[in-house]
Amino acid sequence: MEHIELMGFKKANKQEVLHMPSNYTGTSNRTLVPEAKAALRTFRDQIATEMGTDLTGYNGDKTSWECGKVGGEMVRRMIEQAERGMSGRR
29 MEHIELMGFK
39 KANKQEVLHM
49 PSNYTGTSNR
59 TLVPEAKAAL
69 RTFRDQIATE
79 MGTDLTGYNG
89 DKTSWECGKV
99 GGEMVRRMIE
109 QAERGMSGRR
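Going letter by letter, the sequence shown gives residues 29 to 118 in our numbering.
Structure (structure tokens):
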């Protein structure tokens, strides 16, 4: 099978995608640093409150748009913080 390279990234063929590593959990929605879980939850709740959304407790009645906006803002702020750290600016 042939691989396609685009911007330096190799696109896997179909067989490679079907055979995941044995340690693959099926989700990327996990905290990589367990000690940060409470801080991330607080961060999420703070952003949700700023956006007028309550994500504490049951969230099955929330739209994917509401949850996605909060998650997207979390990612934006974490990237901004990482960039500041890399540049030496706080």
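Even for Gly, the Cβ is constructed at its ideal location relative to N, Cα and C.
task: Give me the Cβ distance between THR77 and GLU94, rounded to the nearest whole Å; I'm assuming they're in contact under 8 Å.
output: Position 49 of the sequence shown, counted from the start, is the residue given in the question as residue 77. Position 66 of the sequence shown, counted from the start, is the residue given in the question as residue 94. Not confirmed; about 13 Å, so no contact.
Contact under 8 Å by Cβ, THR91 with ASP73: Indexing the sequence shown from 1 puts residue 91 at position 63. Indexing the sequence shown from 1 puts residue 73 at position 45. For THR91 and ASP73, no; Cβs fall outside 8 Å.
query: Should GLY103 be labelled buried (16 or more other beta-carbon atoms within 10 Å of its own) or exposed?
result: The residue labelled residue 103 in the question sits at position 75 within the sequence shown. First, the residue type needs correcting, since residue 103 is Val and not Gly in the sequence shown. Exposed, because fewer than 16 other Cβ atoms sit within 10 Å of the Cβ of VAL103.
field: Classification of ILE107 by the beta-carbon crowding that lies within 10 angstroms, buried from 16 upward
entry: As a working note, residue 107 is residue 79 in the sequence shown. ILE107 comes out exposed.
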